[in-house]
Every structure is written in C-alpha cells, then in structure tokens.
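Participant: With numbering that gives the first Met the number 0 as the guide, the letters of the sequence shown map in order to residues 0 to 429. One structure, pasted below without further comment.
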Amino acid sequence: MLQLDQCETAADCEALSECLDGLCRDTPRVGVTDHIVEDTTWTADNVYVLENLIFVVPPAVLTIEPGTTILGRRNIGLVSLAGARIEAVGTRQDPIVFTSDRPVGQRVAGDWAGLGLVGLARTNREGFQLRITVEEGLDVDTRVGGNDDSWNCGTLRYVRVEFGGSEIDGRKALNGITLAGCGSDTTVEYVQSHMSDDDGIAVFGGTVDIRYAVSTRARDDAFDMDTAWRGTAQFLAAQFDISGQESFEFENLAEDPSASPQTFGQVYNFTLIGADRTGAHQVGLYNKFGGQGHFSHGIVQGFGGAGLYVEGPEAAEHTNNGLFTVENTLFFDNGPDGDDHFAMIDPEAGEDAFVNYGIFEDPETGNRFGLDPGMGDPYNLQEPDWQPAPQNVTGVDPPPEGFDPTAVYLGAFSPSATPWTEGWTSYPPN
0 MLQLDQCETA
10 ADCEALSECL
20 DGLCRDTPRV
30 GVTDHIVEDT
40 TWTADNVYVL
50 ENLIFVVPPA
60 VLTIEPGTTI
70 LGRRNIGLVS
80 LAGARIEAVG
90 TRQDPIVFTS
100 DRPVGQRVAG
110 DWAGLGLVGL
120 ARTNREGFQL
130 RITVEEGLDV
140 DTRVGGNDDS
150 WNCGTLRYVR
160 VEFGGSEIDG
170 RKALNGITLA
180 GCGSDTTVEY
190 VQSHMSDDDG
200 IAVFGGTVDI
210 RYAVSTRARD
220 DAFDMDTAWR
230 GTAQFLAAQF
240 DISGQESFEF
250 ENLAEDPSAS
260 PQTFGQVYNF
270 TLIGADRTGA
280 HQVGLYNKFG
290 GQGHFSHGIV
300 QGFGGAGLYV
310 EGPEAAEHTN
320 NGLFTVENTL
330 FFDNGPDGDD
340 HFAMIDPEAG
350 EDAFVNYGIF
360 EDPETGNRFG
370 LDPGMGDPYN
380 LQEPDWQPAP
390 QNVTGVDPPP
400 EGFDPTAVYL
410 GAFSPSATPW
420 TEGWTSYPPN
C-alpha cells in the first residue's frame, strides 16, 4: 500500500501534481504577466497562471501541449486577437484544462473571465470590438470580423474550460469559450465549457464549424450563436442546473434583426437537458432577433419554460417562411406541466408574436413528442448519463453531406456506442 505522497503513476497524485521518483510533487507554476508577442509553447510539465488579461498579439501563435493546465484569476482571461492563433491540441487521455486558480472545493462560476479566439471572418455588427479596455500604451487591434470567411483562429481539440465568465473592467466581455469572427479553417472539436457565469460557448459571426461540444451548468445560455454565424455544428450536449437560461439561443442581431449577412446555422445531433424544475423559466431552443437556421436529430428534455420558443416579428416571419426549421427532434418533459413542448402564447405580445407552433407538429417534420428518450440519469449534475435507449431515438435518415452520415439517431450520443465524452470531460461542483 502506498504511503502519503508516494506514487507509482500520476493517477496516484492529486490534481496539479506529478509523480517523480516515486513521490507526488507539485507541478511547477509559471506566472503569465505579459502579452504573448512571439511564437510561444506552453508545456505540460508546468502549470500556467494568468496573472493579467493576456492577449496573443498578431502574428504570434500560442501552442499548448496535451495535458497542460492553465489557471485564471478574477477578471482575467486569455484572448488571441485577429491575426494571432491558439493551437491547443489535447488528447482524450491528456486534455488541456483552463480552470480557476482557487482551491478545489472553493471554485465557483465566474472565478476568471474565459478563453477567446478572434478572427476576421464576416459578422454583421458595425464596428464590432471586444468589450475590453486596453491598457494605456498597448497598441493592439481588438476588432472582430472582416471579409475572410475562411479565417483560421487556431485549434481547440480536447480542451476543457471551467469556472469562467467573470466581468472584465466591469463588463461581460468573454464567456466560457468565445469564438468571434472565426472562419471555416478554425478547428473546434471535443471542447467543454463548465460552470461559466455567462454563456458556456458563444459564437459571434463567422463560419466556424463545431463538433463534439459540451456546455454544462452555464449561468446564461449553454450555446449562443448570433451576429451572422453561418457554420455547422454536430454532436452538441448541454445540461443546466436551476441557474441556466436558454440552452440554445439563436439570433441574428439585437440592434438590427434584418442585418446582413444573416445568421444561418445548421445543427445536427444535439442533446439539451434542462434542470427539470417546476417553475423554472428555462427554454431549450430559443430563436429571436431574426435568426435563421436548421435544427435536426435532436433531443430537448426537462425545460420548465418551454422546449422551443420563437420571439419577435423577424424570427416569426422567418419561421413562417421556412427559414428557421426544427425537424426530427424529440421533445420530452418540457413546460410547466411537462407536456407543453412550445412556449405558451402571450396575449400581450402583440400581433407580431409567433403563434403558429403547429408547423413544428406537422408529421412531415419528423418531430416526436412525449416519448421518453430513455437516458439513464440525465439530471445528474456530477455524473450525467445522456446516452439514450434505442427504442425512441432511432429510425431517422442520415444527416446530409458535410455531417457524419452514421449518426442515424436523435441526440448527441449513439445509443449503441461509448459516449464521446468519456475520459476527457469533467463536472466538478466547485
């Protein structure tokens, strides 16, 4: 039996320590105080502590090795500006982890600001800037968006971001993971945002595609796509506790819902799990401010407000005209009584309010209602089991070209394969 501090492998040691010569030793900490202005590599044999708001300044590239841990402090974040890149490529066995610098057991949502990647793909917001005050004397460009829809912001693969979403300079500027103006050459797959004090994963404009993404216990939206996002997403999983708002918020532009280019995303194979609490006003799919897009092969369960809500005249018009569609999606245990799959009609919302929810019940949509997807323990916040049983989630056509055609089931997880979250995600309460 191993004695205190003795080890055979790193698994015998606590977090942020390693096994050296048979003893658990704290991993050396490196304070990061200066902006990254030249190509830099962060290695797994160090723990990096963000002590200031850190920019990766063009044309620098920050490379992060598998297994590296980065700690953030209050009001501190890491942002690669347009023209710079972050290449954070972890593995299933050795994910890259961004987390709070507070001790385990004392961590909370908003302990630090979060991770941001900025590029020059098109958005539809005039003068789009990060809401961050740059210190005097620093000559950097914080603009978001341009004219290059292939813009490469870098790579996030097997990356966890925990306890982010704090304010910077008194304003919300970043989310758990923020992708702003990132184009189609950007790679985002196998990423998790956990316990963000704002959105879990936010995408502002661009054409970045997302695969295998998890957002758990965000305090605002699990996923927020707007400002002319025109990418694709497949295999998205979200889980809320009672503090969350909308699981998937989809919009065009708040200040001008008709702004061009229009948000038009395509999302396949998603699992959205609410808090399953009577009285909660959470919504599964929420379309507002003129969002356009197509959702299919989904599961929406446990939202006390509604499984789906369309708000505002522009979103209503797009939905009525077939520019916002939801198909082949299972709605279960949503609404105040567990059977109100869509938002209740608000008689005070005015004549432009969307009232035609019957279009989502048309048999041709393939949507399914009131059928239990058979997930083992979807509301378990520390060990969620989102894998469905096959009886109510199979028998669906393959997704179209550009998506994984083998995903012939509803939801983010195959009912017959090991969940893709296995081994690299984590759900700590604090």
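Glycine included, C-beta positions come from ideal geometry on N, C-alpha and C.
(1) Provide the residue span of the beta strand (DSSP E) that contains T328, from first to last.
(2) Hey, could you find the ends of the alpha helix (DSSP H) E316 is sitting in?
(3) Would you report the Cα separation of G410 and E248, rounded to the nearest angstrom?
(4) What does the Cβ neighbour count give for A416, buried or exposed, with the cut at 16 atoms within 10 Å?
(5) Check each candidate in A212, R276, E37 and name the one with the smallest Cα separation from E421.
(6) Between F263 and Q281, which are expected to be in contact by the criterion C-beta below 8 Å, what is the C-beta distance as a whole number of angstroms?
(7) What do you get for R210, buried or exposed, if any count of 16 or more other CB atoms within 10 angstroms of its CB means buried?
(8) Using only the alpha-carbon positions, how far apart do D219 and P335 sit?
(9) What span of residues does the beta strand (DSSP E) with I63 cover, start to end?
(10) Taking only the alpha-carbon atoms, compute the straight-line gap between I176 and T98 and give it to the nearest angstrom.
(11) Checking contacts by CB at 9 Å: is Y157 closer than that to chain C?
(12) For F97, which residues does DSSP report across the bridge?
(13) Between D384 and the rest of its own chain, which residues show a CB-CB distance below 8 Å, the 5 nearest in sequence each way excluded?
(14) What's the gap between the Cα of I298 and the Cα of P387?
(15) Looking at G89: is its Cβ nearer than 9 Å to the Cβ of V158?
(16) When you compare each of N251, Q191, E250 to A236 by their alpha carbons, which one comes out closest?
(17) Would you grab the beta carbon distance between A59 and T42 for me? Rounded to a whole angstrom, and I think it's under 8 Å.
(18) Given a cut-off of 9 Å, decide if A232 and D208 are closer than it, judged by their beta-carbon atoms.
(19) Looking at the structure shown, is Y356 part of a helix, part of a strand, or coil, going by DSSP?
(20) Alpha carbon to alpha carbon, how far is W111 from R72?
(21) Give the straight-line distance between the Cα atoms of F54 and A81, rounded to the nearest whole angstrom.
(22) Should P256 be labelled buried (16 or more other beta-carbon atoms within 10 Å of its own) or exposed?
(23) L284 and L307 look like a contact to me (Cβ under 8 Å); what is the Cβ gap, rounded to whole Å?
(24) What do you reckon, are the CB atoms on R124 and Y189 nearer than 9 Å?
(25) When you compare only the Cα positions, how much space is there between L52 and L77?
(26) Would you mind giving the Cβ-Cβ distance between D148 and S195, rounded to the nearest angstrom? I have them listed as a contact below 8 Å.
(27) Which residues share a DSSP beta bridge with I209?
(28) Determine whether the beta carbon atoms of G163 and N174 lie at a separation below 9 Å.
(29) For V395, tell me which candidate among E326, T132, Q105 has the shortest Cα-Cα distance.
(30) Do you know offhand how far D223's Cα is from V202's?
(31) Answer yes or no: the CB of G301 versus the heavy atoms of the ligand MN, is any distance below 8 Å?
Facilitator: The relevant details are as follows:
(1) In the sequence shown, counting from the first residue as 1, residue 328 sits at position 329. Note, T328: beta strand (DSSP E), 323-331.
(2) Here residue 316 corresponds to residue number 317 of the sequence shown, with the count starting at 1. From DSSP, the alpha helix (DSSP H) with E316 extends over 312-319.
(3) The sequence position of residue 410 within the sequence shown is 411, counting from 1. The sequence position of residue 248 within the sequence shown is 249, counting from 1. Whole-angstrom Cα-Cα distance: 18 Å.
(4) Translated into the one-based positions of the sequence shown, residue 416 becomes position 417. With fewer than 16 other Cβ atoms within 10 Å, it is exposed.
(5) What you label residue 421 is simply residue 422 of the sequence shown in a count that begins at 1. The shortest C-alpha separation from E421 is found at A212.
(6) Stepping through the sequence shown from its first residue, residue 263 is reached at position 264. Stepping through the sequence shown from its first residue, residue 281 is reached at position 282. No, F263 and Q281 are not in contact; Cβ-Cβ is about 25 Å, not under 8 Å.
(7) Along the sequence shown, one-based indexing puts residue 210 at 211. Buried: at least 16 other Cβ atoms inside 10 Å.
(8) In the sequence shown, counting from the first residue as 1, residue 219 sits at position 220. In the sequence shown, counting from the first residue as 1, residue 335 sits at position 336. Each residue's Cα considered, the two are about 20 Å apart.
(9) In the sequence shown, counting from the first residue as 1, residue 63 sits at position 64. Per DSSP, I63 belongs to the beta strand (DSSP E) from 60-63.
(10) Here residue 176 is taken as the residue at index 177 of the sequence shown, counted from 1. Here residue 98 is taken as the residue at index 99 of the sequence shown, counted from 1. Near 12 Å, if we compare the C-alpha coordinates of T98 and I176.
(11) The displayed structure is made up of one protein chain only, and chain C is not part of it.
(12) In the sequence shown, residue 97 corresponds to position 98, counting from 1. In the DSSP output, where bridge partners are listed per residue, F97 has I69, V160.
(13) Taking the sequence shown and counting its residues from 1, the one referred to as residue 384 is at position 385. Closer than 8 Å at the Cβ level, and outside the excluded window around D384, lie M374, G375, D376, P377.
(14) For the purposes of this step, residue 298 is taken as residue 299 along the sequence shown, with counting starting at 1. For the purposes of this step, residue 387 is taken as residue 388 along the sequence shown, with counting starting at 1. Spanning the two alpha carbons is a distance of roughly 9 Å.
(15) Against the sequence shown, residue 89 aligns to sequence position 90. Against the sequence shown, residue 158 aligns to sequence position 159. Going by C-beta atoms, G89 is nearer than 9 Å to V158.
(16) Residue 236 sits at position 237 when you count from the first residue of the sequence shown. The shortest C-alpha separation from A236 is found at Q191.
(17) Numbered from its first residue, the sequence shown carries residue 59 at position 60. Numbered from its first residue, the sequence shown carries residue 42 at position 43. Going by Cβ atoms, the distance from A59 to T42 rounds to 17 Å, so no, they are not a contact pair.
(18) The sequence position of residue 208 within the sequence shown is 209, counting from 1. The sequence position of residue 232 within the sequence shown is 233, counting from 1. For D208 and A232, yes; Cβs fall inside 9 Å.
(19) Here residue 356 is taken as the residue at index 357 of the sequence shown, counted from 1. Y356 falls in the helix class under three-state DSSP.
(20) Your numbering for residue 111 matches position 112 in the sequence shown. Your numbering for residue 72 matches position 73 in the sequence shown. So the alpha carbons of these two residues sit roughly 5 Å apart.
(21) As a working mapping, residue 54 is identified with position 55 in the sequence shown. As a working mapping, residue 81 is identified with position 82 in the sequence shown. Cα to Cα, F54 sits roughly 10 Å from A81.
(22) Taking the sequence shown and counting its residues from 1, one reaches residue 256 at position 257. By the neighbour-count rule (16 or more Cβ atoms within 10 Å), P256 is buried.
(23) For the purposes of this step, residue 284 is identified with residue 285 of the sequence shown, where counting begins at 1. For the purposes of this step, residue 307 is identified with residue 308 of the sequence shown, where counting begins at 1. Right, the Cβ-Cβ distance comes to about 5 Å (below 8 Å), so this counts as a contact.
(24) Numbered from 1 along the sequence shown, position 125 holds the residue referred to as residue 124. Numbered from 1 along the sequence shown, position 190 holds the residue referred to as residue 189. Against a cut-off of 9 Å, the Cβ pair of Y189 and R124 comes out as no contact.
(25) The residue given as residue 52 occupies position 53 in the sequence shown. The residue given as residue 77 occupies position 78 in the sequence shown. Approximately 6 Å, taken between the alpha carbons.
(26) Taking the first residue of the sequence shown as position 1, residue 148 is located at position 149. Taking the first residue of the sequence shown as position 1, residue 195 is located at position 196. The Cβ separation is near 27 Å, so there is no contact.
(27) Start at 1 with the first residue of the sequence shown, and residue 209 comes out as number 210. I209 pairs with V187, A232.
(28) Start at 1 with the first residue of the sequence shown, and residue 163 comes out as number 164. Start at 1 with the first residue of the sequence shown, and residue 174 comes out as number 175. Yes, these two residues count as a Cβ contact at 9 Å.
(29) Taking the first residue of the sequence shown as position 1, residue 395 is located at position 396. The residue with the shortest Cα to Cα distance from V395 is E326.
(30) Within the sequence shown, the letter at position 224 stands for residue 223. Within the sequence shown, the letter at position 203 stands for residue 202. Using only the alpha carbons, I get a separation of about 6 Å.
(31) Although the ligand MN was asked about, the structure shown includes no ligands whatsoever.
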